[in-house]
Amino acid sequence: MLTGALPKLVDELGFDSYAYLYVHPSLTKAVSNYAPEWQDHYFDSSYPTIDPVVAAAKSSLRPFAWCPNSYPAETKEARRFYSEAADFGIRSGISVPVRTACRHMSMLTLASNKPSLTLDKDIDQIAAITAVAYLHARIEEQDTKPTGQTHFDLTARQAACLKWSAEGKSMKAIAVLENMSFSTVSFHLNNARKALDASSLAQATALATKLGLI
Numbered sequence: 004m005l006t007g008a009l010p011k012l013v014d015e016l017g018f019d020s021y022a023y024l025y026v027h028p029s030l031t032k033a034v035s036n037y038a039p040e041w042q043d044h045y046f047d048s049s050y051p052t053i054d055p056v057v058a059a060a061k062s063s064l065r066p067f068a069w070c071p072n073s074y075p076a077e078t079k080e081a082r083r084f085y086s087e088a089a090d091f092g093i094r095s096g097i098s099v100p101v102r103t104a105c106r107h108m109s110m111l112t113l114a115s116n117k118p119s120l121t122l123d124k125d126i127d128q129i130a131a132i133t134a135v136a137y138l139h140a141r142i143e144e145q146d147t148k149p150t151g152q153t154h155f156d157l158t159a160r161q162a163a164c165l166k167w168s169a170e171g172k173s174m175k176a177i178a179v180l181e182n183m184s185f186s187t188v189s190f191h192l193n194n195a196r197k198a199l200d201a202s203s204l205a206q207a208t209a210l211a212t213k214l215g216l217i
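Residues 4 to 217 in the working numbering are what the sequence shown spells out, letter by letter.
Structure representation (structure tokens):
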């Protein structure tokens with residue numbers, strides 16, 4: 004229902020597209036009507052880590068209008084990001100970030116093909132903040148399937164060790180079950196944790212389970 008109503012609302016407000024982004028240190032996911040090709044490229048290229056708009060949202064946590072001139076690209080990767088986004092009709096926008104649970108962040112971006120936008124003229128800031136908070140709650144409540152998210156790759160052995168760990172097996176027990184040495188199990192679990200950008204083994208198993216990797 005939400006994803007069906009959002010495009011109509013965006014159109015009524017005079018924008019071209021929208022992107023709801025949930026930003027987590029280990030996982031970024033989107034619910035958006037951006038072109039699927041752009042969403043796949045965005046996550047395949049790890050753009051959440053270099054996106055100037057995401058960086059601005061994290062630092063301000065208040066509504067802001069943006070375009071390449073307002074947040075200049077200081078790196079080659081950022082310049083490429085703006086150029087490639089423009090190829091998909093994303094040239095400017097208004098982003099509304101809100102703080103969510105555990106000090107994470109969600110943001111709603113209303114994007115336009117126009118070269119620039121004005122925050123005071125193009126959106127009601129108070130209404131926008133309220134809408135994003137409500138949107139985040141509803142998406143989490145309904146466990147809405149993302150249209151794009153951070154991609155993770157685990158080797159077969161990393162996944163196997165992580166699966167046993169998720170089932171409560173110790174590294175010593177995993178070594179016996181997988182016919183590996185204790186040090187090899189530790190090696191695979193540590194690399195799996197790094198691949199998932201998790202701070203602990205418990206976080207890695209939880210994230211891998213949520214993503215259906217194990």
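From the three backbone atoms N, C-alpha and C, an ideal C-beta is built for every residue, glycine too.
The structure displayed is predicted, hence computed values, not measured ones.
Quick check on the burial criterion: 16 or more other C-beta atoms within 10 angstroms. Buried or exposed for A60?
Its Cβ being crowded by 16 or more others within 10 Å, A60 is buried.
Check R102 in the structure and name its three-state DSSP category.
In the three-state reduction of the DSSP assignment, R102 falls in the strand class.
To which residues of the same chain is T78 closer than 8 Å at the C-beta, ignoring the five residues directly before and after it?
Taken in chain order, the residues that qualify are I53.
Can you tell me which of G151, M108, L216 and A89 puts its alpha carbon nearest to the alpha carbon of D47?
Of the residues G151, M108, L216 and A89, the one whose Cα lies closest to the Cα of D47 is G151.
For V188, tell me which candidate among G215, T158, K213 and L210 has the shortest Cα-Cα distance.
When each option's Cα is compared against that of V188, the closest is T158.
For the alpha helix (DSSP H) containing K79, list its first residue and its last residue.
Counting along the chain, the alpha helix (DSSP H) containing K79 begins and ends at K79 to D90.
State the Cα-Cα distance for the pair E170 and S202, rounded to the nearest angstrom.
The alpha-carbon atoms of E170 and S202 are separated by roughly 19 Å.
For the region 38–45 and the region 105–118, state whether three or more C-beta atom pairs, one from each stretch, are separated by less than 8 Å.
No, the region 38–45 does not touch the region 105–118.
DSSP three-state assignment for M4, whether helix, strand or coil:
Its pLDDT being 49, under 50, M4 is placed unreliably by the model, and the measurement read from it follows with that caveat. In the structure shown, M4 sits in coil (DSSP, three-state: anything other than H, G, I, E or B).
Identify, in the order they occur along the chain, each residue of the same chain with its Cβ nearer than 8 Å to the Cβ of L180, setting aside the five sequence neighbours on each side.
Around L180: W167 and K172.
Could you tell me the alpha carbon to alpha carbon distance between T208 and I93, rounded to whole angstroms?
Inter-residue distance for T208 and I93 is about 36 Å (C-alpha atoms, whole angstroms).
When you compare only the Cα positions, how much space is there between S49 and Y25?
About 15 Å.
Would the beta-carbon of P55 fall within 9 Å of that of T31?
With respect to T31, P55 sits apart: the two C-beta atoms are not nearer than 9 Å.
Pull up the distance between the alpha-carbon of M219 and that of N193, whole angstroms please.
For residue 219 there is no data in the structure shown, the boundaries of the chain being 4 and 217.
To the nearest angstrom, report how far apart L165 and L120 are at their CA atoms.
One C-alpha to the other measures close to 47 Å.
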